[in-house]
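Numbering (the working numbering), first residue to last: 15 to 377.
Just so you know, even glycine gets a beta-carbon here, dropped at the ideal spot from N, CA and C.
The model shown is predicted, which means the values in this text are computed figures rather than measured ones.
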């Protein structure tokens, strides 16, 4: 009962600074980047207030997702700064409660915030970013997507059949695709693969030329194959529609990214950027847990510390973390470092620092 009361007390001290952190750090993000861009859209493109307001709302989930780890760090640091400043942590230790047990509720909260952030990053952020991109390009910039693109993917579903069409190069003006691969799935299992050298948009349909068809079976692999000079494929997307269907990696779900990576690897094309996006969807949310550990330890001081000092320490830690993350993910996307290591390295460093500080504070 005594420990449960302790847990509730610590959690109560975490709540206010965590909510404050989300509001404060979101405001910093908005003021430093989004407000300038919104003003530019209104002055340069004459975008109406209603349009930029919708753009702002769709960009907000990504901003909030970045603030979860920061807010967890600030909350842990301020809560334990207050507890240690009033000698409550010393009293808890004197009562026979280990430092690990005192920190335990913070770590549990950090873990649940990480799990929530992971779901948020996968289910909410990609959809909102895709809608924001449509508003920006269609309603504000008025159709300024490039007409020539590399590595395009179009997904179509007809009953139980799903087709994924990949083209190495696409030219909207010419209505042309190059190096085409079409994967056809039936009830979730791959049934056929078509490849073609080129494809052309003619008379409302796509005609592909110089290709091969492979019929596949789950157990036996390739059952039959055939060549063709040309054929019409069941793809009713016009060149303009294909341009607008394309998403940036940040706008895709992990499942879409995996499908995209599979296509790129079949074409022997680097997918380092896409792998980094997948690993970042996991590692940025996990930072909330590691920041909770570090924040609690940094907040545990013998002397009383003010909330402004806690905020200052949080900003320094956050700056160091994101500087390292930017550097390592840049190496990962460029192929100079394995994507998994590049994205996980900042958290690995945080784990090492957190474990060291906790052992030191428990001594």
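| Item | Value |
| --- | --- |
| Keeping to the same chain, check which residues put their C-beta closer than 8 Å to that of residue 284; ignore five residues upstream and five downstream. | 278, 349 |
| What did DSSP end up calling residue 200 once you bin it into helix, strand or coil? | strand |
| Go to residue 55, then tell me how far its beta strand (DSSP E) extends in each direction, as first and last residue. | Careful: residue 55 lies outside any beta strand (DSSP E), inside the alpha helix (DSSP H) at 49 to 58. |
| Measure the CB-CB distance between residue 73 and residue 144 and report whether it falls below 8 Å. | no |
| Please report the Cβ distance between residue 372 and residue 290, rounded to the nearest whole angstrom; I am assuming they are in contact, meaning their Cβ atoms lie under 8 Å. | That pair is no contact at about 30 Å. |
| Could you spell out where the alpha helix (DSSP H) holding residue 295 opens and where it closes? | 286 to 313 |
| Just reading off the alpha helix (DSSP H) that residue 141 is part of, what are its end residues? | 139 to 148 |
| Buried or exposed: residue 15, going by 16 or more other Cβ atoms within 10 Å of its Cβ? | Model confidence at residue 15 stands at a pLDDT of 46, short of 50, so the residue's coordinates are unreliable; what they give is reported in the following sentence. Burial call: exposed. |
| Buried or exposed: residue 154, going by 16 or more other Cβ atoms within 10 Å of its Cβ? | buried |
| Taking the alpha helix (DSSP H) that residue 217 falls in, what are its first and last residues? | Neither: residue 217 is in no alpha helix (DSSP H) and is coded neither H nor E. |
| Give a yes or no on whether the C-beta atoms belonging to residue 112 and residue 315 are separated by under 8 Å. | no |
| What does a CB cutoff of less than 7 Å around residue 267 pick up in its chain, not counting 5 residues either side in sequence? | 136, 140 |
| Three-state secondary structure (DSSP) at residue 112? | coil |
| Using only alpha-carbon positions, find the residue among 342, 188, 41 that is nearest to residue 85. | 41 |
| As an exercise, report each continuous beta strand (DSSP E) stretch of at least 3 residues that is fully enclosed by the stretch 225 to 285, in chain order. | 235 to 247 |
| Output the boundary residues of the beta strand (DSSP E) element that contains residue 177. | 175 to 185 |
| Could you check what DSSP says for residue 155 in three-state terms: helix, strand or coil? | coil |
| According to DSSP, simplified to helix, strand and coil, what is residue 385? | No answer is possible for residue 385: it lies beyond the span of the chain, which begins at 15 and ends at 377. |
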